[in-house]
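Chains as they are written, first to last, in my numbering: chain X, 50 to 240; chain G, -11 to 420.
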Amino acid sequence: MTVFEGALRADADAIMARYPDDRRRSAIMPLLYLAQSVDGWITRDALREIGQLLGITTAEVEAVASFYTMYRLRPTGTHVVNVCTNLACKLRGAEAVFEAAHEAAGVEHGAEMSEDGLFTVHEEECLGVCDFAPAVQIDFCNHDTVDPARMRELVAGLRAGEVPSPARGPAFASFKAASRALAGLEEVPSA
Amino acid sequence: MTVDFEPRLTRDWDDPGVIGIDGYAAKGGYEALGRAVTMADADILELVKSSGLRGRGGAGFPTGMKWGFVPRDTGKPTYVVVNFDESEPGTCNNRELVERDPHRLLEGAAIAALAIGCETIYIYVRGEYLWQSIVLERAIAEAYGSGRFGADALGSGKRIDVVLHRGAGAYICGEETALLSSLEGYRGQPRLRPPFPAVEGLFASPTVINNVETLMNVPDILVRGSDWFRELGTEKSPGTKMVTISGKVERPGNYEVPLGTPFRVVLEDLAGGVLSGRGLKAWTPGGSSTPMLTAEHTDVHLDYESLAEAGSMLGTAAIMVMDETDCVVDCAQRMVRFYAHESCGKCTPCREGSWWATRVLERIEEGDGRDEDLPVVRDLGKNLLFRAFCALADGTASVINSSLQHFRDEFEEHVRLGGCPLKVDHLEEVPA
């Protein structure tokens, strides 16, 4: 294996141990997040190796990975800006925020990322923050009631190397870091 | 009328200390679990049945009855799966409930586990709720650390384990059989029922799947009893309900109200009325999947029966408010586009119907509507309803059918004028 070796293999083993021995396939979703935390997207090598770890084919792994929007199967920006444009946010002006995100980040509509590789912008369906619409997530950290000006400010901050403080919870510095937390590998302080 | 009652699910929301296990215990937390470990399974079940608690995730199925369907003689393990995939557009009360009071969820889930003889609870959290899942991870670690969970929970000799599982951005996984597929490591596609999850659910074993808010009602029922639970709400819809109100209102947010509270009270007294004093045009009572209602329905009561009578559903009690300046065609196309995006692709009516409906509605909104478009949309609505494996297609149909039912003139005007009669850029008026 080239992806899951050393410390990463130990992480993968810990993930698989969460599920019953004969139900190892359940580990596929956190393993995909773990793979994503390495390169910021899920490479062909990672898909193949997850198949090897779980005893299933690469095609089966890809079928799962391609079903869910939080997995990226193509090279992705350092930061992923998700803008909700579903109804609750749309009613509060989300479409202008979505436009501002593209402009500020320098990402063309439909493009995978900005030319400098810093940003990917994604249109989101309901993020579950309808009480603070328009809702935005940057690297899966929430930013509440974002208007176009705030959107530009957030992007400018990231460009300057700052990690913006989210509306709730800790800030993750990049899409890779957030993906590692999504794999359930965030340090959890003991009681 | 105002809402005057003793809050239940939100009573400790002003105390950030309850996020930690000691703060939660100081407020009486885990007393219910202490009782539950000494009770016979059948007695827990009976208590929850007699409370009349109904599922808060949308369908409103009686919780105790659901638990009672789980066979205990199959020789297989039984599972409790917590559905924290909250993804219905307009809905975010589970998010705030967990952010502010995570142990109440763990306690409710543990009691459910004891009631059905389950040793392992799976919590399925939507991936976008990254922070909330970390809040839960920390709470779980505390529950283990204090001996409340684990191989010998509270010294009872009973095992309670919890596994947190994150989704990855698929609305369909809120549908319980799709959730199970996802949890087993497959694409989140729904399964044929029967067999129902109670008999053959997770890992082909008997499984109870409950919504977050549902389970968070359980600890109080154990401690205070079913008669107490029925003191609020209506006879058939007892208890309180978390309501999310969003869109064009002055104070969007999550509010707890007794079931049966009139919509007017939520809109005017809690949410401060329609934004900028504008007129109410349309609202969804329970997320975008529930048929939209209008200003004529302002006095409808928010409970399962009253909303059914009004031609809609309580759903997740996610109220999205559209005002007189909002275009119903534009709102409908956005909601239908969501269903087209989230359709898992398994059933033809849903996969193709939602896609076509989006195309036609977008065309009407953009001013390219044709005379034959309205009959096409109406037919799509008809052919989506009850024609697919799961209720996702019914959600699409609800948007189409209810918007056409209440606002047919507006659709016709779009076609006649060759554009949207309401197209004004009023975004500047929306406060940041």
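Note that the Cβ used here is the ideal one computed from N, Cα and C, for glycine as well.
All figures in this text were calculated on a predicted structure; none of them were measured in a lab.
Please classify residue i as buried or exposed, where buried requires at least 16 other C-beta atoms within 10 Å of its C-beta.
i                  : result
glutamate 416/G    : In this predicted model, glutamate 416/G has a pLDDT of only 46, less than 50, meaning its place in the structure is not dependable enough to derive any value.
lysine 236/G       : buried
alanine 143/X      : buried
proline 238/X      : Confidence at proline 238/X is low in this model, with a pLDDT of 37, below 50, so the placement of that residue is unreliable and no value is reported for it.
histidine 394/G    : buried
alanine 59/X       : exposed
glutamate 223/G    : exposed
serine 390/G       : buried
glutamate 244/G    : buried
proline 59/G       : exposed
alanine 166/G      : buried
valine 6/G         : buried
serine 115/X       : exposed
aspartate 314/G    : buried
phenylalanine 49/G : exposed
alanine 420/G      : For alanine 420/G, the predicted structure reports a pLDDT of 46, less than 50, and the residue's modelled location is therefore unreliable. A value from the coordinates is still provided. Counting Cβ neighbours within 10 Å, alanine 420/G comes out exposed, since fewer than 16 surround it.
threonine 272/G    : buried
glycine 135/G      : exposed
phenylalanine 57/G : exposed
threonine 51/X     : exposed
tryptophan 216/G   : exposed
I believe residue i touches residue j by the beta-carbon criterion, under 8 Å. Please report the beta-carbon distance rounded to the nearest angstrom.
i               : j                : result
tyrosine 117/X  : alanine 158/G    : 5 Å
leucine 263/G   : aspartate 318/G  : Contact flag wrong, Cβ pair sits at about 17 Å.
glycine 221/G   : threonine 228/G  : 7 Å
alanine 209/X   : cysteine 138/X   : With a Cβ gap of about 27 Å, alanine 209/X and cysteine 138/X do not count as contacting.
valine 403/G    : glycine 357/G    : 4 Å
histidine 171/X : asparagine 131/X : 5 Å
alanine 179/X   : glycine 78/G     : With the sequence shown as reference, residue 179/X is identified as cysteine, and alanine is not the correct amino acid for it. Indeed they touch by this definition, with Cβ atoms about 5 Å apart.
alanine 20/G    : isoleucine 99/G  : 6 Å
leucine 136/X   : arginine 322/G   : 6 Å
Would you mind stating whether residue i and residue j have Cβ atoms separated by less than 8 Å?
i                   : j                : result
leucine 392/G       : glycine 369/G    : yes
threonine 195/G     : tyrosine 67/G    : yes
methionine 330/G    : glutamate 111/X  : Looking at the sequence itself, residue 330/G is glutamate, so the reference to methionine does not match. Cβ distance not < 8 Å, so glutamate 330/G and glutamate 111/X don't count as in contact.
phenylalanine 221/X : alanine 232/X    : no
leucine 203/X       : cysteine 133/X   : no
isoleucine 109/G    : alanine 101/G    : yes
serine 277/G        : glycine 115/G    : no
alanine 145/X       : arginine 201/X   : no
arginine 74/X       : glycine 173/G    : yes
asparagine 71/G     : asparagine 198/G : yes
tryptophan 55/G     : leucine 33/G     : yes
serine 225/G        : glycine 248/G    : yes
phenylalanine 53/X  : glutamate 98/X   : yes
arginine 252/G      : aspartate 287/G  : yes
leucine -3/G        : leucine 93/G     : no
proline 182/G       : leucine 168/G    : no
glutamate 87/G      : cysteine 80/G    : no
isoleucine 209/G    : histidine 91/G   : no
glutamate 163/G     : alanine 385/G    : no
leucine 258/X       : isoleucine 91/X  : Residue 258/X lies beyond the range of chain X shown here (50 to 240); nothing can be said about it.
methionine 162/X    : threonine 125/X  : yes
arginine 67/X       : valine 69/G      : no
List the endpoints of the continuous alpha helix (DSSP H) containing residue i.
i               : result
threonine 346/G : 336 to 354
valine 200/G    : 200 to 204
threonine 384/G : 380 to 405
valine 364/G    : 361 to 372
histidine 91/G  : 90 to 104
methionine 65/X : 56 to 65
aspartate 215/G : 214 to 217
alanine 13/G    : 9 to 14
glutamate 19/G  : 19 to 24
serine 228/X    : 224 to 231
Terminal residues of the continuous beta strand (DSSP E) containing residue i?
i                : result
tryptophan 90/X  : Neither: tryptophan 90/X is in no beta strand (DSSP E) and is coded neither H nor E.
glutamate 172/X  : 168 to 173
isoleucine 109/G : 108 to 113
| task | Please specify which runs of the beta strand (DSSP E), each continuous and at least 3 residues long, are wholly inside the segment 222 to 250 of chain G, giving them in chain order. | result | 228 to 235 and 241 to 246
| request: Please list the segments of the beta strand (DSSP E) lying wholly inside the segment 125 to 168 of chain G, counting only runs of 3 or more residues, in order along the chain. | output: 149 to 154
| Complete runs of the alpha helix (DSSP H) confined to the segment 178 to 219 of chain X [at least 4 residues] | 197 to 208
| query | For the segment 269 to 335 of chain G, which segments carrying the beta strand (DSSP E) assignment without a break, of at least 3 residues, lie completely within its bounds, in sequence order? | reply | 306 to 311
| said: To test your reading of the DSSP string, which unbroken beta strand (DSSP E) runs of 3 or more residues are found completely within the segment 35 to 78 of chain G? | reply: 67 to 72
| request: Run through the segment 108 to 149 of chain X for me and flag every whole beta strand (DSSP E) of 3 or more residues, listed as ranges in chain order. | output: 128 to 133
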